[in-house]
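The structure under discussion appears below in the form of structure tokens.
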Amino acid sequence: MEKFLLKNQCIINQIKFVVSIAVLTVTFLSTSIKLASAIEGNETDRLALLTLKQHLVGANSPGPLLSWNASLHFCYWYGIRCDRNRQRVIGLQLGRLKVAAAGTITPSIGNLSALRVVNLSDNSLQGTIPREFGYLKQLRLLDLSNNDLHGNIPIELNNCSSMQNINLILNSLTGKIPFGSGDYHMKNLTMLTLAANYLSGGIPSSLANLSSLDFLGLSRNQLEGNLPNDLSRLSNLKVLVFSRNNLSGTIPSSIYNLSSLTYIDMGSNQLSGEIAPEIGFLFPKLEILYIGGNQFTGKIPISLANISSLDQLDINSNGFYGPVPENLGKLENLTLLAIDYNHLGSGKDGDLDFVSSLTNCSGLKLLAIHNNRLGGVLPDSVANLSTQIEILFIGENRISGNIQGIGNLVKLTQLDLGGNLLTGELPSSIGKLQNLVTFNLSMNHLSGPIPSSIGNLSQLSLLDLNGNNFEGRVPLTLKNCKDMSKLYLSGNELHGDLSNQLIGSFEKLITLNLSHNSFTGVFPSDIVNSKDLVELYVNNNNFIGRIPSQIGDISGLRFLHMQGNHFDGNIPLSFGLLRAIESLDLSANNLSNTIPSELQKLPFLCYE
1 MEKFLLKNQC IINQIKFVVS IAVLTVTFLS TSIKLASAIE GNETDRLALL
51 TLKQHLVGAN SPGPLLSWNA SLHFCYWYGI RCDRNRQRVI GLQLGRLKVA
101 AAGTITPSIG NLSALRVVNL SDNSLQGTIP REFGYLKQLR LLDLSNNDLH
151 GNIPIELNNC SSMQNINLIL NSLTGKIPFG SGDYHMKNLT MLTLAANYLS
201 GGIPSSLANL SSLDFLGLSR NQLEGNLPND LSRLSNLKVL VFSRNNLSGT
251 IPSSIYNLSS LTYIDMGSNQ LSGEIAPEIG FLFPKLEILY IGGNQFTGKI
301 PISLANISSL DQLDINSNGF YGPVPENLGK LENLTLLAID YNHLGSGKDG
351 DLDFVSSLTN CSGLKLLAIH NNRLGGVLPD SVANLSTQIE ILFIGENRIS
401 GNIQGIGNLV KLTQLDLGGN LLTGELPSSI GKLQNLVTFN LSMNHLSGPI
451 PSSIGNLSQL SLLDLNGNNF EGRVPLTLKN CKDMSKLYLS GNELHGDLSN
501 QLIGSFEKLI TLNLSHNSFT GVFPSDIVNS KDLVELYVNN NNFIGRIPSQ
551 IGDISGLRFL HMQGNHFDGN IPLSFGLLRA IESLDLSANN LSNTIPSELQ
601 KLPFLCYE
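Per the UniProt record's numbering, residue 1 is the first one in the sequence shown, and the count goes up by one each step.
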């Protein structure tokens, strides 16, 4: 019995041994297969990267890809990210390589089958987008922005079922938008940015198949046709941008169902019709609304004031008419309001009543209401607008009254009151606006002297006082405006001499217009300090003496009008050096009758 037990135990041990050997063999074979697969994938990735390098930077100037060589495992090469086991490449972070020669993207990128992230932005890449990107099933982010890629967007990208973000902005891509079509849809795609290309055709209804999309950027292309109704299926959409295309038609009522939208930019198209009166109740989260540069008509919806989150409202350059809603002041978060270039107002008192409500918008930085039909007296409430306001455009309306209180808006950098019916004197408080860069008061009925405090505006680049009734001398304090590039004083009643000290201080002048005044004395020769001067108009004044020969040293001068004065003597021979001159008028002076031969040789000269 004991021998029998020992024999059986021996058999059992032998069986266990055989089983163990079998298990070890299977395990070994499995491990060997995995290892072989890993080695194969490893080598495939390495070779694909070397081919990519060759196409990106060339063989002779590797630049930032100098580390891509046999001395390092490829997982340690610049811009490469591998998985935890250092077996497969999962990321290419190769933006802004700053290589000398423009490269291309090789189709072998499709062999990096484990890729999740591809960033090749800002590399001046040329060529086309390889359709082999469609092999990358795990790809989540594709950023090829700011290159010079051309051709069509490959439809194979739809096969990238894991894709979350596609950025192809700033290229030269053509053809139609292919996304959302075919048997596979990128259900995880949240951001699609195709702006600043040359894409054509319509906005495809198939985009509605990208059900997770929350950012759609299609601006600055050549898209045309109507907005598809199906976009309303993108219930997660927050940002919708298709400005600067050739889109037409009305806004489909279905678009108003996208209640999650925070940013809408439809500007600079050919869209028409009226905006839904109830828009303020349909987009409760809206922060940005740009619809300027279209053909919209009707009245500005009063309901807009219900969008408490609204930060920027731009409806400029349309056909809106009627009164401006007086409840816009409810938009306390408003920083930009642009309603210019419409047909708003009646030209009568009451048109500017809405301005008082805007004093509640404490963060307002830009207010543009110019080029409308707004009438009535400039309200005192202008002085109570946001102290943060930087740009105030009120010009080209029918606004009357005096300028008061503007001096309180000390952060203004641009102020346009031109083309109105304003009267009275320019208050000395204007000198408080020491951040002003451009200041336009042209074509009004302002009178009195130009206050000396205007010299406090030392950052002025443009000052336009054309077409008023200003009188007296040009204040010498204006010489403090060293950055002045365009100075317009024509069509006033200014008189007296112009000193070299004043005119010589404007070394950055491009345009100087002093015409149609009563200036006297000799014209300052220090105008030659304005080496970049292109236009000089001093016609129809009372200047005397000789024309400064130094003007001939201003080589870029194109327009020189000095007619209607009392200049005498000869035409300066130095005018023959004005090779860029296009229009020269010296008529109605007391000059000698001889035109210098040097002047007759000037090209493209139009004698006035």
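Built from N, CA and C at the ideal position, the CB exists for glycine as well.
From residue i to residue j, what does the alpha carbon distance come to, in whole angstroms?
i	j	result
Leu602	Pro548	19 Å
Lys486	Asp532	11 Å
Ile33	Leu213	The predicted position of Ile33 is uncertain, since its pLDDT is 32 and thus under 50; a value taken from the coordinates is nonetheless stated next. Ile33 and Leu213: Cα-Cα distance of roughly 41 Å.
Thr25	Ala114	Only weak support exists for where Thr25 lies, its pLDDT of 35 falling under 50; the coordinates are left without a value.
Leu367	Ile389	8 Å
Asn397	His561	31 Å
Ser452	Ser428	8 Å
Arg233	Ser206	10 Å
Leu599	Gly576	5 Å
Phe439	Gly127	48 Å
Trp68	Val241	40 Å
Ile39	Asn85	Since pLDDT at Ile39 reaches only 49, below the 50 mark, its modelled position is unreliable, and the value read off the structure follows with that caveat. Distance between the alpha carbons of Ile39 and Asn85 is about 12 Å.
Ile403	Ser260	43 Å
Leu591	Lys365	53 Å
Tyr198	Asn246	12 Å
Gly267	Leu337	14 Å
Cys10	Arg116	In this prediction, Cys10 has a pLDDT of 42, which is less than 50 and means its spatial position is unreliable; what the coordinates show is noted afterwards. Going by the C-alpha atoms only, they are around 56 Å apart.
Leu489	Phe519	11 Å
Glu132	Ile109	7 Å
Just grab the DSSP bridge partners of residue i for me.
i	result
Thr174	Asn152
Asp265	Val241, Tyr290
Thr511	Lys486, Glu535
Gly376	Ile399
Asp351	Paired residues: none, contrary to the question.
Gln93	Asn119
Asp416	Phe393, Asn440
Glu471	Pro449, Glu493
Leu313	Leu289, Leu337
DSSP state of residue i, grouped into three classes?
i	result
Thr128	coil
His495	strand
Ser357	helix
Ala48	helix
Phe179	coil
Pro449	strand
Gln54	helix
Asp464	strand
Glu224	strand
Asp553	helix
Ser518	strand
Ser592	coil
Cys82	strand
Tyr256	helix
Asp230	helix
Glu332	coil
Asp526	helix
Asn167	strand
Leu476	helix
Tyr135	helix
Would residue i pass as a contact of residue j if the rule is Cβ separation under 9 Å?
i	j	result
Leu237	Leu216	yes
Leu52	Asn123	no
Glu582	Phe559	yes
Thr387	Lys348	no
Asn589	Gln563	yes
Leu168	Leu136	no
Gly552	Leu573	yes
Ser400	Gly375	yes
Pro325	Phe281	no
Ser200	Asn221	yes
Pro339	Ile302	It should be pointed out that residue 339 corresponds to Ile in this sequence rather than to Pro. The answer is no: Cβ separation not under 9 Å.
Val538	Asn565	yes
Specify, as a first and last residue, the run of the beta strand (DSSP E) that residue i falls within.
i	result
Val118	117-119
His566	566-569
Tyr76	Where Tyr76 is concerned, there is no enclosing beta strand (DSSP E), given that its DSSP letter is neither H nor E.
Met191	191-193
Glu274	270-274
Which residues bound the alpha helix (DSSP H) around residue i?
i	result
Glu598	597-600
Ile503	500-503
Gly110	Looking at the DSSP string, Gly110 is not in any alpha helix (DSSP H), and its letter there is neither H nor E.
Phe506	No alpha helix (DSSP H) contains Phe506, which DSSP labels as neither H nor E.
Ala282	The displayed chain sequence assigns Leu, not Ala, to residue 282. Where Leu282 is concerned, the enclosing alpha helix (DSSP H) stretches over 279-282.
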